[in-house]
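This report concerns only the one structure given below.
2 protein chains.
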Amino acid sequence: MNTRISWRDIREELMRRIAVRDWPPGAEIPGEESLAAEFGASRATVNRAMQDLAARGLVERKRKAGSRVASNPVREARFVIPLVRHEVEKAGAEYGYSLLSREVVPPTGIVRARLQTGAAARFVHLRCLHMADRRPWQYEDRWISLDAVPAAASADFETVGPNEWLVANAPFSNAEYAFFAAAASEDEAAALGLAVGSPVFVGERLTWLGETPVTLVRMAHPPSHRVVTRL
Amino acid sequence: MNTRISWRDIREELMRRIAVRDWPPGAEIPGEESLAAEFGASRATVNRAMQDLAARGLVERKRKAGSRVASNPVREARFVIPLVRHEVEKAGAEYGYSLLSREVVPPTGIVRARLQTGAAARFVHLRCLHMADRRPWQYEDRWISLDAVPAAASADFETVGPNEWLVANAPFSNAEYAFFAAAASEDEAAALGLAVGSPVFVGERLTWLGETPVTLVRMAHPPSHRVVTRL
DNA sequence: GACGCTATTATGTATAGACATAATAAGTCA
DNA sequence: TGACTTATTATGTCTATACATAATAGCGTC
């Protein structure tokens with residue numbers, strides 16, 4: 001009823017002022033106390049809004065010194081990294097999956113280097129193709145450590161992709177994600193129906209459980225693929 | 001002194017339990033009240049931690065129903081989008097900048113389509129090269145609307161890149177950022193010292209002030225460029 | 001059993017008060 | 001002057017309380 005002002009409302013208003021340069025980059029922002037008075041809210045509420053802005057990198061806060069608009073505002077973008085299947089379905093297409101190969105082997109030199117592991121480790125190496133409306137969407141080249149995920153030895157990955165299988169079966173504590181452009185390798189080109197050397201968009205993900213490497217995956221998309229976000 | 005438990009501590013512990021599958025995907029998480037009792041904190045503190053996890057997409061919360069670990073960890077990654085100059089300097093290289101061309105023209109068809117603007121509008125069209133240790137780092141193709149940013153007509157962009165100039169001079173209210181791979185155009189190939197058609201990593205950014213388009217930029221990097229984040 | 005109302009419950013959020021902490025300013029002494 | 005100490009101040013954070021809201025469960029009626 002007497003709908004009190006929410007910290008989200010305050011955040012929106014503060015963001016607006018920053019966006020339209022009421023408070024230009026580097027400018028000092030009034031203290032929480034005075035903002036609280038202005039908005040008719042408590043300091044805690046203003047604080048919640050300011051913390052959110054700080055987390056987004058829009059403002060910089062220092063005790064005693066006060067808050068100011070980040071000199072280089074919006075330096076953080078957030079991208080969602082969905083499961084391939086969801087991504088395809090969200091695009092309104094029919095999802096298709098097929099396993100191209102599966103073998104248990106020691107890691108190659110590149111894999112050892114990326115995951116900081118020895119040659120003695122054993123990995124499941126998978127090559128898969130994800131499709132949208134029967135057209136190639138993503139070529140997945142994945143390595144799963146049997147030390148970290150013994151159950152992967154008995155999974156066949158014929159119907160469920162390694163991504164989804166791992167989500168449900170393999171814990172991890174930290175991960176690294178990278179995007180880059182590359183020239184399609186022979187495998188990638190063949191799977192995606194492109195010419196060798198043509199541009200592909202690659203997402204590479206590494207995960208660990210503590211110090212133990214869990215999985216390394218290289219996901220190649222045809223160049224039409226875009227990763228988009230709104231700020 | 002009597003250092004009380006912080007919501008960040010609680011968040012870390014909850015994240016750990018999720019990561020190691022104490023609470024596997026889809027599992028129900030104890031209510032705030034009981035977590036508060038377990039951690040010896042107030043419900044507000046637990047709530048702050050849970051809200052953070054929800055914002056990260058790690059847990060799903062519903063009133064009455066309670067909280068559960070997200071079944072599809074739609075983990076969102078946060079990437080920093082720094083100024084080119086800072087990016088280069090952070091890589092330990094010497095930053096270099098040069099303006100390749102500058103002209104005031106009506107927008108091309110592609111620009112009009114992307115920015116939803118008419119052919120009558122006037123834009124500053126800039127082509128720039130950013131270098132790291134004298135080697136090409138990024139080729140920037142930028143359009144700035146003179147309707148939104150009249151001051152751009154009198155800026156020469158000879159010494160300061162449009163990116164930095166705009167940050168200090170042009171307000172905007174919303175923006176769209178996209179990453180994708182593309183084949184190098186003739187201009188891009190020439191500027192970056194690559195063969196035409198070789199893969200480039202492209203960042204495209206569009207910004208508006210309200211409904212008014214402000215700027216459109218296409219930033220092409222050589223394929224060695226990686227955008228990395230840790231989750 | 002189908003429907004609709006009500007009670008219950010977990011989360012969502014605001015508030016006031018308290019104390020902690022970091023950074024700065026002001027003051028003090030050699 | 002320079003080094004040290006103290007006061008001040010803005011943010012950081014927790015607590016306890018209150019009420020709002022959404023979703024569910026349970027109940028009663030026909």
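So the sequences go chain by chain: A and B. Letter 57 of the first sequence, counting from 1, is numbered 57 in the numbering used here, and no numbers are missing. Letter 37 of the second sequence, counting from 1, is numbered 37 in the numbering used here, and no numbers are missing. Don't be surprised by glycine CBs; every beta carbon is placed ideally from N, CA and C.
Leaving out five residues on either side along the sequence, give the residues of the same chain with a beta carbon under 8 angstroms from the beta carbon of residue i.
i: Gln116 of chain A; result: Pro213
i: Ser198 of chain B; result: Ala183, Ala184, Ala189, Pro223
i: Asn174 of chain A; result: Thr207, Trp208
i: Arg17 of chain B; result: Trp23
i: Glu103 of chain A; result: Val124, His125
i: Ala36 of chain A; result: Ser42, Arg43, Thr45, Val46
Which partner residues does residue i have in the DSSP bridge list?
i: Leu216 of chain B; result: B:Trp143, B:Leu206
i: Phe157 of chain B; result: Paired residue(s): none; Phe157 of chain B is not in a bridge.
i: Ser67 of chain B; result: B:Ile29, B:Arg61
i: Ser101 of chain B; result: B:Arg127
i: Arg78 of chain B; result: A:Arg78
Take residue i and list the residues in its own chain whose beta-carbon comes closer than 6 angstroms to its own, dropping the five residues that flank it on each side.
i: Arg205 of chain B; result: Tyr177, Val217
i: Glu94 of chain B; result: Asp133
i: Arg56 of chain B; result: none
i: Glu186 of chain B; result: Val196
i: Met219 of chain B; result: Gln138, Glu140, Gly203
i: Pro179 of chain B; result: The residue asked about is misnamed: residue 179 of chain B is Phe in this sequence, not Pro. Excluding sequence neighbours, Phe179 of chain B sits near Gly203.
i: Val105 of chain B; result: His125
Roughly how many whole angstroms lie between the Cα atoms of residue i and residue j?
i: Ser34 of chain B; j: Leu14 of chain B; result: 13 angstroms
i: Ala155 of chain A; j: Ile5 of chain A; result: 53 angstroms
i: Arg122 of chain B; j: Ser145 of chain B; result: 6 angstroms
i: Ile29 of chain A; j: Ser67 of chain A; result: 5 angstroms
i: Gly210 of chain B; j: Pro171 of chain B; result: 10 angstroms
i: Ala113 of chain B; j: Pro107 of chain B; result: 9 angstroms
i: Val111 of chain A; j: Asp141 of chain A; result: 11 angstroms
i: Ala19 of chain A; j: Glu164 of chain B; result: 16 angstroms
i: Val167 of chain B; j: Gly26 of chain A; result: 11 angstroms
i: Ala181 of chain B; j: His225 of chain A; result: 8 angstroms
i: Asn169 of chain B; j: Gly96 of chain A; result: 48 angstroms
i: Arg85 of chain A; j: Phe157 of chain A; result: 15 angstroms
i: Asn72 of chain A; j: Trp137 of chain A; result: 36 angstroms
i: Met1 of chain B; j: Arg63 of chain A; result: Unreliable positioning characterises Met1 of chain B in this predicted model, as indicated by a pLDDT of 44, which lies under 50. The coordinate reading is nonetheless provided below. The alpha-carbon atoms of Met1 of chain B and Arg63 of chain A are separated by roughly 19 angstroms.
i: Val88 of chain A; j: Val228 of chain A; result: 15 angstroms
i: Glu38 of chain B; j: Ala152 of chain A; result: 35 angstroms
i: Leu129 of chain A; j: Val202 of chain A; result: 14 angstroms
i: Ile10 of chain A; j: Arg78 of chain B; result: 23 angstroms
i: Ser101 of chain B; j: Leu231 of chain A; result: 29 angstroms
i: Pro162 of chain A; j: Arg21 of chain B; result: 18 angstroms
i: Ser42 of chain B; j: Arg48 of chain B; result: 10 angstroms
i: Thr45 of chain B; j: Ala119 of chain B; result: 55 angstroms
i: Val149 of chain A; j: Ser98 of chain A; result: 22 angstroms
i: His221 of chain B; j: Ala91 of chain B; result: 15 angstroms
i: Arg61 of chain A; j: Ile81 of chain A; result: 30 angstroms
i: Gly109 of chain B; j: Trp143 of chain A; result: 45 angstroms
i: Val160 of chain B; j: Glu32 of chain A; result: 35 angstroms
Helix, strand or coil for residue i? Go by DSSP, reduced to three states.
i: Phe201 of chain A; result: strand
i: Asn72 of chain A; result: coil
i: His130 of chain B; result: strand
i: Pro106 of chain B; result: coil
i: Met1 of chain A; result: Confidence at Met1 of chain A is low in this model, with a pLDDT of 42, below 50, so its placement is unreliable and the value that follows should be read with caution. Correct three-state label for Met1 of chain A: coil.
i: Leu231 of chain B; result: coil
i: Trp137 of chain A; result: strand
i: Glu12 of chain A; result: helix
i: Leu115 of chain A; result: helix
i: Val149 of chain A; result: coil
i: Leu166 of chain A; result: helix
i: His221 of chain B; result: strand
i: Ala93 of chain B; result: coil
i: Arg17 of chain B; result: helix
i: Ala178 of chain A; result: strand
i: Ala183 of chain B; result: strand
i: Arg226 of chain A; result: strand
i: Ala120 of chain B; result: coil
i: Glu211 of chain A; result: coil
i: Leu194 of chain A; result: coil
i: Trp23 of chain A; result: coil
Got a sec? Which residues, its chain only, sit under 7 angstroms from residue i by beta carbon, not counting five neighbours each side?
i: Ala195 of chain A; result: Ala189
i: Val59 of chain A; result: Ile29, Met50, Leu53, Ser67, Arg68, Val69, Ala70
i: Gly40 of chain A; result: Ile5
i: Arg8 of chain A; result: none
i: Gly193 of chain A; result: Pro136
Every unbroken alpha helix (DSSP H) within the region 27–59 of chain B, with a cutoff of 4 residues, ordered by chain: Listed in chain order, the complete alpha helix (DSSP H) runs (minimum 4 residues) inside the region 27–59 of chain B are 32–39, 43–55.
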